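Heads up, the thing below is written out as structure tokens.
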Amino acid sequence: MTISRRGFIAALPLIACATDADARAPRFHIAPDGDGDGSSWAAAAPLPALDELISQTAADGEILIAADRGEYILSGELRLSHGGVKGHPVRIRGVASESGAPMPAVLRGDRGGGEIGASAFRLFRGASDLFFSHFEFRAVGNGCFSVAGPLSGLVIEDCRFDDVYRFLENTAADDAGHATLRDFALRRCHGAGAERGFLRIRYNSGNGAIEDCSAQGLANEGGYIPAGCALDDRANAITYRRCVMANFQQWRAGDYWNGDGFSDEAGNRNIRYEACEARGSTDGGFDCKSRDVVLESCIAEDNKRNFRIWSERATLANCTSRRPNFRGRDVEDADPCHLWIGNEGRGRVLVSDLTVEDDCATPILE
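Under the working numbering, think of the first position of the sequence shown as 3, with each following residue one higher.
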């Protein structure tokens, strides 16, 4: 067979189109009443098929979750062990099935009373490079998203929640050893009724950003210690931007009532808080122990100790402290203040442009 030069050039656009079509990332569909293979809305799959669909989805593919066909009732955690590839995540997002416009898909758990309750999405080793957006969680337990194995590239955006134990949990499964989370981001996630906290990040997790998120806590009676955002172990290189944590309280807990808006520990490093706000905690608004912690343009108000700094090196720049509130005044072995420094003279805390607002004689510095 002979092909002329002119004929070959004429065929090139057709070859390119065929290649583009072959390379197009697949799209799957999930609905509350789905029982199909997910290839279309008419053949939508059920939510428990999510991990199998992720395994069939090429890089940059997506899975659409119908948000306008009713709630998804969770009978247990959704275990995920497949993902995308670095730089090419699989997107899982709630949409209006009629138009494709973003719309929060409601996932309802069954936690009640004092129960911790089951997670919603539980991510194991292999579930890297997943991008979740537009979900609403109700009555979910320890983790609307629970990182149970080492992974990276997790992005969570535009979610809401109410009546949850935690929004993001980071605890390794029994056989995982650790659950280090790297290169992650949470953006525009908001809710109320967070019983234990908004998030907990542990192990050697790092290179993360939490931006424009907020949570309202629930007071508990002398039990566990609540914290809006809690870092532990060796978590590092994490930045909070424009986040608000409010009302994380522990009442009637003997002679010391705990509960913090934001906390980090001595093993953490390179932690930054930028334009964040902590309100209504029974202990510290910001309770910081990590080395080289930076708080810039942050606001703390209505906490027992608005800024509580244990770090050997710390920087507070352009921060504001307003009206500390000592809720356990009659029984606690403690006292309120605007800025509390507890490094026992071993460290250096740089404070510049601190604004203090108060209408009583609460100590400024302790």
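Glycine included, each C-beta is placed from N, C-alpha and C at the ideal position. As the structure is a prediction and not an experimental result, all values here were calculated from the model.
Within 8 Å, strictly: CB atoms of residue i and residue j
{"i": "Arg-81", "j": "Asp-53", "result": "yes"}
{"i": "Arg-184", "j": "Ser-154", "result": "yes"}
{"i": "Gly-40", "j": "Ser-83", "result": "no"}
{"i": "Val-97", "j": "Thr-59", "result": "no"}
{"i": "Tyr-242", "j": "Ile-212", "result": "yes"}
{"i": "Met-247", "j": "Ala-280", "result": "yes"}
{"i": "Arg-236", "j": "Gly-269", "result": "yes"}
{"i": "Ile-311", "j": "Val-351", "result": "yes"}
{"i": "Asp-253", "j": "Gly-224", "result": "According to the sequence as given, residue 253 is Trp; it is not Asp. In this structure, Gly-224 lies closer than 8 Å to Trp-253 by Cβ."}
{"i": "Ser-323", "j": "Asn-345", "result": "no"}
{"i": "Ser-207", "j": "Thr-182", "result": "yes"}
{"i": "Gly-119", "j": "Tyr-167", "result": "yes"}
{"i": "Ala-107", "j": "Ala-150", "result": "no"}
{"i": "Ile-32", "j": "Ile-56", "result": "no"}
{"i": "Ile-227", "j": "Gly-263", "result": "no"}
Which residues DSSP lists as bridging residue i, in chain order
{"i": "Asp-289", "result": "Ser-265 and Arg-310"}
{"i": "Tyr-242", "result": "Ile-212 and Tyr-275"}
{"i": "Ser-172", "result": "Looking at the sequence provided, one finds Asn at residue 172 rather than Ser. DSSP lists Val-149 as partners of Asn-172."}
{"i": "Leu-352", "result": "Thr-317"}
{"i": "Gln-251", "result": "Its beta-bridge partners do not exist; DSSP assigns none."}
{"i": "Ser-323", "result": "Ala-302 and Val-358"}
{"i": "Arg-124", "result": "Arg-81 and Ser-148"}
{"i": "Tyr-74", "result": "Leu-109"}
{"i": "Phe-328", "result": "Phe-328 is not bridged to any residue."}
{"i": "Leu-297", "result": "Tyr-275 and Leu-318"}
{"i": "Asp-164", "result": "Arg-140 and Ala-194"}
{"i": "Arg-281", "result": "Ala-248 and Glu-303"}
{"i": "Ile-158", "result": "Phe-134 and Leu-188"}
Rounded straight-line distance, which links the Cα of residue j to that of residue i
{"i": "Pro-152", "j": "Gly-256", "result": "38 Å"}
{"i": "Arg-29", "j": "Ile-94", "result": "10 Å"}
{"i": "Phe-250", "j": "Ser-77", "result": "29 Å"}
{"i": "Val-142", "j": "Phe-200", "result": "12 Å"}
{"i": "Gly-282", "j": "Ala-194", "result": "14 Å"}
{"i": "Phe-123", "j": "Asp-37", "result": "20 Å"}
{"i": "Thr-357", "j": "Leu-170", "result": "33 Å"}
{"i": "Glu-138", "j": "Glu-267", "result": "31 Å"}
{"i": "Asp-355", "j": "Cys-321", "result": "7 Å"}
{"i": "Glu-79", "j": "Ala-187", "result": "22 Å"}
{"i": "Ala-229", "j": "Asp-360", "result": "25 Å"}
{"i": "Arg-329", "j": "Thr-284", "result": "7 Å"}
{"i": "Ala-51", "j": "Pro-34", "result": "11 Å"}
{"i": "Tyr-275", "j": "Arg-71", "result": "39 Å"}
{"i": "Ile-366", "j": "Trp-342", "result": "8 Å"}
{"i": "Ile-393", "j": "Ser-101", "result": "In the structure as shown, the chain begins at 3 and stops at 368. Residue 393 is therefore absent and cannot be evaluated."}
{"i": "His-90", "j": "His-340", "result": "46 Å"}
{"i": "Trp-259", "j": "Ala-46", "result": "50 Å"}
{"i": "Thr-364", "j": "Arg-325", "result": "8 Å"}
{"i": "Leu-318", "j": "Ser-299", "result": "8 Å"}
{"i": "Ala-23", "j": "Arg-244", "result": "Confidence at Ala-23 is low in this model, with a pLDDT of 39, below 50, so the placement of that residue is unreliable and no value is reported for it."}
{"i": "Asp-62", "j": "Lys-88", "result": "10 Å"}
{"i": "Glu-334", "j": "Ala-103", "result": "52 Å"}
{"i": "Gly-210", "j": "Trp-43", "result": "35 Å"}
{"i": "Gly-179", "j": "Ser-148", "result": "15 Å"}
{"i": "Arg-307", "j": "Leu-109", "result": "37 Å"}
Endpoints, the beta strand (DSSP E) within which residue i is located
{"i": "Leu-233", "result": "229–233"}
{"i": "Val-149", "result": "132–149"}
{"i": "Arg-184", "result": "183–203"}
{"i": "Phe-30", "result": "29–32"}
{"i": "Gly-96", "result": "92–97"}
{"i": "Leu-367", "result": "Taken as a continuous stretch (DSSP letters only), Leu-367 belongs to no beta strand (DSSP E), as it is neither H nor E."}
{"i": "Ile-301", "result": "301–303"}
{"i": "Arg-110", "result": "107–110"}
{"i": "Ala-100", "result": "It should be noted that the sequence gives Glu, not Ala, for residue 100. Segment: none, Glu-100 is in no beta strand (DSSP E) and carries neither H nor E."}
{"i": "Leu-2", "result": "As displayed, the chain neither begins before 3 nor continues past 368, which places residue 2 out of reach and without an answer."}
{"i": "Trp-342", "result": "339–343"}
Range covered by the alpha helix (DSSP H) that runs through residue i
{"i": "Gln-58", "result": "52–58"}
Closest Cα partner of residue i within the set the options
{"i": "Ile-2", "options": "Ile-75, Phe-133, Ile-118 and Glu-100", "result": "No answer is possible for residue 2: the residues shown for the chain start at 3 and end at 368."}
{"i": "Ile-65", "options": "Lys-88, Glu-73, Gly-72 and Ser-99", "result": "Ser-99"}
{"i": "Arg-293", "options": "Leu-233, Tyr-258, Gln-252 and His-340", "result": "Leu-233"}
{"i": "Asp-289", "options": "Ser-299, Asn-305 and Ala-277", "result": "Asn-305"}
{"i": "Arg-271", "options": "Ala-277, Phe-264, Gly-263 and Val-296", "result": "Val-296"}
{"i": "Cys-362", "options": "Asn-327, Arg-331 and Arg-198", "result": "Asn-327"}
{"i": "Phe-163", "options": "Ser-121, Leu-156 and Gly-179", "result": "Ser-121"}
{"i": "Gly-349", "options": "Glu-334, Lys-291 and Asp-332", "result": "Lys-291"}
{"i": "His-192", "options": "His-136, Val-87 and Leu-125", "result": "His-136"}
{"i": "Asp-160", "options": "Asp-214, Ser-265 and Asp-332", "result": "Asp-214"}
{"i": "Ala-196", "options": "Ile-273, Asn-238, Glu-117 and Tyr-205", "result": "Glu-117"}
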